[in-house]
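Take a look at the structure set out below.
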DNA sequence: TAATACAAACTTGTATACAAGTCAAGAGAT
DNA sequence: ATCTCTTGACTTGTATACAAGTTTGTATTA
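Protein chains in written order, with the numbering used here: chain A, 1155 to 1380; chain B, 1155 to 1380.
Put into structure tokens, the structure is as follows:
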């Protein structure tokens, strides 16, 4: 487990949740790894309570398996969940961007434009981490513009299954293309052009195809055998 | 709060979660009502810990609002969330039943047939409660057949917002029509007819339209004022 | 009367103690 | 050597104690 800095503004519970989640996505908590509430609690410098609450939440999202009185494990990567994530993203992102075409206010569009400008800025300096953050934020903003923020929270939760695979594959999605896609999405929303919006979202999602066969060969111990 | 019987098989946490959720849906815990972890804990006969974990989870689903050191309240009915639930159900149910047309096994179909037969049985005895349970189970089985069980869990969570409105409106959806709809859905899946499936799901969902204006006039204290 | 101060009774957040179950290592008997 | 039993160190589940903050009612004072 990798240490994560705690913000002053967050409660112990929020910190524990963020730290554990980030470690699962980054595979610093490895699929299949045994974890202990006490161990994580002392590592993070908080008590069992906030750690336990976080683990319960991640258990509900099928990211941690709890065996009472025996132990808890980071869930192995299960193609079932990865495919559900891909399915959900495809169905929802399209429906939501179409909705955003109808509902986006000038303020929403201004915010999206600022985000894309920042993406272009960090593209020049090859700041992949920043672009990753802005990428997540961009998609969230579309959900907000479509008045679907709660749904976005659900999307984020299930997407962790996919993000984990992305980490393993060190998915070589060209940032250039991603940023360009976002610009096109933005224009589609500005033009209220649902057809174009749907088209570019589909193309965008297709960029993230992962060769699971390859990964399974490289990291067999991380995968659920079905 | 109405007492809920505890099953032998469930943990304190599962019991607390189920009891609180059922009370929120049935409006026995009223929108806007002040609740206390201690009060609920002693009412249910468990300690604060499992109650607290449940409240955290419901807080995440925007069904309970927590004000640290001040108190927690059952969330007022917010049309924002109700509309998100309706949107999600429409988008997902259609996509998922189409998927089920491709993926349903003979076993899945047999299970659906048994469920519909039971619905018809209870229709004769006007057992609305049983039909309600079988209804929920029927839709869940379609998600399972489409290999989208995780997504169904998310659907169920957000649907609580809608279920609460249904309770208030004592929505006079004719059970006869619901059961008939389910039979048609089942046939569409058996025939792998996506067009028919999509059509009947849309018609089915339209039966649940609620006149929010009316409700707002009758129960103004239950609604969020935006 | 009205304003202020204060104490008591609440709230949730966090830490810790205890209960109950699992599992593995090791002693001892066969 | 092998089987059996036991013990102890773990696990999570639950209960409780304490910390920190808010609110409310009630004195007390101007």
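All residues carry an ideal CB built from backbone N, CA and C; glycine is no exception. Just so you know, these numbers come straight off a predicted model, no measurement behind them.
Measuring CB to CB, does residue 1227 of chain A end up less than 8 angstroms from residue 1186 of chain A? yes
What would DSSP say about residue 1228 of chain A, mapped onto helix, strand or coil? strand
Proximal residues, the segment 1331-1351 of chain B versus chain A, C-beta separation under 7 angstroms: none
If you drop the 5 nearest sequence neighbours on each side, which residues of the same chain put their C-beta closer than 7 angstroms to that of residue 1350 of chain A? 1342
Nonlocal neighbours in the same chain, by C-beta distance under 7 angstroms from residue 1297 of chain A, ignoring five residues either side: 1250, 1303, 1305, 1306
Which whole-angstrom value is the C-beta distance of residue 1282 of chain B and residue 1329 of chain B, which I expect to be below 8 angstroms? 6 angstroms
For residue 1311 of chain B, does the count of other Cβ atoms within 10 angstroms reach 16, so buried, or fall short, so exposed? buried
Cβ neighbours of residue 1346 of chain A in the same chain (closer than 6 angstroms, five flanking residues each side left out): 1255
Can the beta-carbon of residue 1158 of chain A be found closer than 8 angstroms to that of residue 1176 of chain A? yes
Could you pull the DSSP bridge partners for residue 1377 of chain A from this structure? A:1231
From what residue to what residue does the alpha helix (DSSP H) around residue 1285 of chain A run? 1282-1299
Nearest CA to the CA of residue 1363 of chain B: which residue from B:1378, B:1319, B:1352, B:1338? B:1319
Does residue 1216 of chain B come within less than 8 angstroms of chain A when only Cβ atoms are used? yes
Cβ-based burial, residue 1322 of chain B [other Cβ within 10 Å; buried from 16]: buried
With a threshold of 8 angstroms between beta carbons, is residue 1171 of chain B in contact with chain A? no
As a quick exercise: from B:1240, B:1273, B:1367, pick the residue whose alpha carbon is nearest that of residue 1313 of chain B. B:1240
Pick helix, strand or coil for residue 1173 of chain A, following the three-state DSSP scheme. helix
Count the C-beta pairs between the segment 1201-1219 of chain B and the segment 1167-1181 of chain B that are closer than 8 angstroms, then say yes if the count reaches three, no if not. yes
At the level of alpha carbons, what is the spacing between residue 1232 of chain A and residue 1378 of chain A? 5 angstroms
Same chain only: Cβ atoms within 8 angstroms of residue 1172 of chain B, ignoring 5 sequence neighbours per side: 1158, 1164
Against chain B, does residue 1194 of chain A count as a neighbour if the rule is that its beta carbon must be under 8 angstroms from one of theirs? no
Grab me the residues of residue 1204 of chain A's own chain with a C-beta within less than 7 angstroms of its C-beta, minus the 5 sequence neighbours each way, in chain order. 1166, 1167, 1170
In chain order, what residues of the segment 1216-1241 of chain B put their CB closer than 9 angstroms to some CB of chain A? 1216, 1222, 1234, 1235, 1237, 1238, 1239, 1241
Contact with chain A by residue 1125 of chain B, beta-carbon distance below 8 angstroms: Beyond the ends of chain B as shown, which are 1155 and 1380, falls residue 1125 of chain B; an answer cannot be given.
Starting from residue 1334 of chain A, trace the alpha helix (DSSP H) both ways and give me its first and last residue. 1329-1344
Just to confirm, is the Cβ distance from residue 1354 of chain B to residue 1338 of chain B under 8 angstroms? yes
Host beta strand (DSSP E) of residue 1351 of chain A (start-end): That residue, residue 1351 of chain A, is in no beta strand (DSSP E); its alpha helix (DSSP H) goes 1348-1360.
Have a look at the DSSP bridge pairing and note the partners of residue 1369 of chain B. Per DSSP, none; premise fails for residue 1369 of chain B.
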